[in-house]
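Colleague: Okay, so the sequence shown: first residue is 3 according to my numbering, each after it adds one. For glycine and all other residues, C-beta sits at the position ideal for the given N, C-alpha and C. These numbers come from a predicted model, not from an experiment. Please read through the structure below; I'll follow up with questions.
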Amino acid sequence: MSRLLEVKDVGKTYGSVIALRDVSTVVNAGEVTCVLGDNGAGKSTLIKILAGVHQHDRGEFLVEGEPVKFASPREALDRGIATVYQDLAVVPLMSVWRNFFLGSEPTVGFGPFRALDRKKGRETTKKALSDMGIDLRDVEQPVGTLSGGERQCVAIARAVYFGAKVLILDEPTAALGVKQAGVVLKYVAQARDRGLGVVLITHNPHHAYPVADRFLLLKRGVSLGAYEKSEIDLAELTRQMAGGAELEALEHELRAAESPS
Ligand SMILES: Nc1ncnc2c1ncn2[C@@H]1O[C@H](COP(=O)(O)OP(=O)(O)OP(=O)(O)O)[C@@H](O)[C@H]1O
Ligand SMILES: [Mg+2]
C-alpha cells in the first residue's frame with residue numbers, strides 16, 4: 003500500500019470564518035477516501051487545499067510523505083493531483099475530444115507550421131474512453147450533448163489518461179439520477195482499480211458506501227468521525243450523517259423539559 007496524501011489536523015479560516023479545524027485523513031493508492039457532510043461542512047474547502055486552490059493555515063499536508071503548501075492548482079497537477087469540480091470546466095459547444103485535450107492538444111509539424119492533429123486527437127480520446135469501458139458513439143459531438151453522467155466519465159478518463167495519481171471528485175453524483183450515479187461510481191471504482199487514490203465527496207452515504215475504503219464525516223468544519231470501512235456499516239454511517247447522535251440528544255433535552263423534576 004502506498005500513501006499518496008495525508009492531512010494532519012489541518013485548518014483553514016476565511017477572514018473570521020473557521021471553515022475547517024483539526025481535520026485529518028489519508029489517501030492511499032488503489033483506495034477511495036470518501037468525504038461526507040452537509041452543506042457548509044467544509045468538504046469543498048478541504049479538497050481545495052488538496053487541489054492547490056487554497057492554502058491551509060494550520061496543520062500539515064503531506065504529498066508522498068513530503069510537507070507541501072501548493073501556491074496554485076498547477077503545482078498540485080504537476081504532483082499528479084487532478085480535480086474534477088462539480089461544474090466541470092468544459093466548453094459545451096466544443097467536441098468531446100477537444101475537451102478531452104483542452105490545452106494539451108496533439109499537434110503535427112512545428113513552428114508556424116504547427117497544426118492540430120485531429121486524427122490523433124480523436125483516436126486517442128476514443129481509445130482512452132474505451133479503455134475505461136466508456137463507449138461514446140462519436141467523439142466529434144459537442145460535450146454539451148452528453149448527459150451529466152457521461153461528462154463526469156469523460157473527466158475521469160481524462161485524469162487517468164494524463165497520468166493522475168490522485169483523483170478528486172467534488173460531488174460527482176449530486177445532480178444525477180440513480181442510474182447515471184451508478185455509472186459514475188463504476189468509473190470511480192475503475193480509477194481505483196487502476197491504482198489511483200480517489201477522494202470522493204458526496205452527501206449521500208448510499209453512493210459512498212459501496213466504493214469507499216474510509217470515511218471522513220465533516221460538520222461545520224470539524225470532523226465528526228473518521229472510519230475505516232470495517233469499522234462502520236451503512237446503517238450507522240447513514241445515522242451519523244443524519245445527525246443521529248444529535249437528534250437523540252435533542253429528544254432527550256425535550257423530554258427533560260417536559261418533565262421537570
Ligand atoms: N471563499 C470563501 N470565503 C469565505 N467563506 C467561505 C469561502 N468558501 C467557503 N466559505 C465558508 O466556509 C464554510 C465551508 O464551506 P465549504 O464550501 O467548504 O462547504 P461544503 O461542505 O463544500 O458545502 P456544500 O455541500 O454546500 O458544497 C462555509 O461556512 C462557507 O460559507
Ligand atoms: Mg462544496
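#1: Span of the alpha helix (DSSP H) holding Asn101?
#2: I'd like to confirm the pairing. Which residues does DSSP put opposite Lys71 in its beta bridges?
#3: I'd like to check one pair, Leu220 with Lys45: are the Cβ atoms closer than 9 Å?
#4: What do you reckon, is the C-beta of Asn41 under 8 Å from a heavy atom of ligand 1?
#5: Between Lys10 and the rest of its own chain, which residues show a CB-CB distance below 6 Å, the 5 nearest in sequence each way excluded?
#6: For Ala259, which residues from the same chain have a beta carbon less than 6 Å from its beta carbon, with the 5 sequence-adjacent residues on both sides left out?
#7: Looking at the structure shown, is Thr126 part of a helix, part of a strand, or coil, going by DSSP?
#8: Would you say the beta carbon of Ala21 comes nearer than 8 Å to a heavy atom of ligand 1?
#9: Please go through the same chain and pick out, in chain order, the residues whose beta-carbon is closer than 7 Å to the beta-carbon of Lys14, but skip the five residues on each side of it.
#10: Is the beta carbon of Thr126 less than 9 Å from the beta carbon of Phe103?
#11: Kindly provide the ranges of any alpha helix (DSSP H) runs that are 4 or more residues long and lie completely inside the segment 132–219, ordered along the chain.
#12: Specify, as a first and last residue, the run of the alpha helix (DSSP H) that Lys14 falls within.
#13: How close, in whole Å, do the beta carbons of Gly39 and His205 come, if the pair is a contact with beta carbons under 8 Å?
#14: Taking the alpha-carbon positions, what's the Ile170 to Leu202 distance?
#15: Just grab the DSSP bridge partners of Ser225 for me.
#16: Since Ser26 is in the beta strand (DSSP E), which residue starts that stretch and which ends it?
#17: Please return the same chain residues whose Cβ sits closer than 7 Å to the Cβ of Glu33, not counting the five positions on each side in sequence.
#18: Is it the case that the CB of Ser149 approaches a heavy atom of ligand 2 more closely than 8 Å?
Modeller: So, to answer that:
#1: The count along the sequence shown starts at 1 and reaches residue 101 at position 99. Where Asn101 is concerned, the enclosing alpha helix (DSSP H) stretches over 98–103.
#2: In the sequence shown, residue 71 corresponds to position 69, counting from 1. According to DSSP, which records beta bridges pairwise, Lys71 is partnered with nothing at all.
#3: Mapped onto the sequence shown, residue 45 falls at position 43. Mapped onto the sequence shown, residue 220 falls at position 218. Yes, the Cβ-Cβ distance between Lys45 and Leu220 is below 9 Å.
#4: Taking the sequence shown and counting its residues from 1, one reaches residue 41 at position 39. It does: the Cβ of Asn41 is within 8 Å (strictly closer) of some heavy atom of ligand 1.
#5: Against the sequence shown, residue 10 aligns to sequence position 8. Correct list, in chain order: Ser26, Gly61, Glu62.
#6: Position 257 of the sequence shown holds residue 259. Excluding sequence neighbours, Ala259 sits near nothing in its chain.
#7: By 1-based counting over the sequence shown, the position of residue 126 is 124. Looking at Thr126 - three-state DSSP - the assignment turns out to be helix.
#8: Walking along the sequence shown from the start, residue 21 turns up at place 19. Yes, Cβ of Ala21 sits closer than 8 Å to a heavy atom of ligand 1.
#9: Numbered from 1 along the sequence shown, position 12 holds the residue referred to as residue 14. Correct list, in chain order: Ala21, Leu22, Thr47, Ile51, His56, His58, Asp59.
#10: Here residue 126 refers to the residue found at position 124 of the sequence shown. Here residue 103 refers to the residue found at position 101 of the sequence shown. Yes, Cβ-Cβ distance for Thr126 and Phe103 is below 9 Å.
#11: 150–163, 180–195, 207–213
#12: Taking the first residue of the sequence shown as 1, we reach residue 14 at position 12. Here Lys14 belongs to no alpha helix (DSSP H); instead the beta strand (DSSP E) covers 5–16.
#13: Here residue 39 refers to the residue found at position 37 of the sequence shown. Here residue 205 refers to the residue found at position 203 of the sequence shown. About 7 Å separates the two Cβ atoms, so the contact holds.
#14: Here residue 170 refers to the residue found at position 168 of the sequence shown. Here residue 202 refers to the residue found at position 200 of the sequence shown. Answer to the nearest angstrom: the Cα atoms are 6 Å apart.
#15: As a first step, residue 225 must be located in the sequence shown, where it is residue number 223. DSSP links Ser225 through a beta bridge to Leu220.
#16: In the sequence shown, residue 26 corresponds to position 24, counting from 1. Ser26 -> beta strand (DSSP E) spans 19–30.
#17: Residue 33 sits at position 31 when you count from the first residue of the sequence shown. Within the same chain, Glu33 has close Cβ partners Arg194, Gly199, Asp215.
#18: As a position in the sequence shown, residue 149 is number 147, starting the count at 1. Every heavy atom of ligand 2 is 8 Å or more from the Cβ of Ser149, so no.
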